[in-house]
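Quick notes on the structure that follows.
Residue numbers (my numbering): 68 to 155.
Take a look at the structure:
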């Protein structure tokens, strides 16, 4: 059996804890009080999604063609945008 690797995006929840998301698989999202718990929960969610997709005869996408980049913008740009919203 071959292994597939999926990109997991972790973000801090505004109410505490962490949200884990696998962008390649819509609706494959989970939560945990810690990053470790969020990762364990998203792994379980991923396994469930893959089983259901296979049972329903749906394709199982992977991240093999995903390229990931980060873009930085000056913090002054963000401050300028916030100021223009409050003065409008």
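Note that the Cβ used here is the ideal one computed from N, Cα and C, for glycine as well.
Item, Value
"Determine whether the beta carbon atoms of residue 93 and residue 85 lie at a separation below 8 Å.", "no"
"Take residue 81 as the anchor and find which of 73, 74, 72, 99 has the nearest alpha-carbon.", "99"
"Quick one: Cα of residue 91 to Cα of residue 127, how far?", "10 Å"
"Is residue 109 helix, strand or coil by DSSP?", "helix"
"Just to confirm the assignment, what range does the beta strand (DSSP E) spanning residue 79 have?", "76-79"
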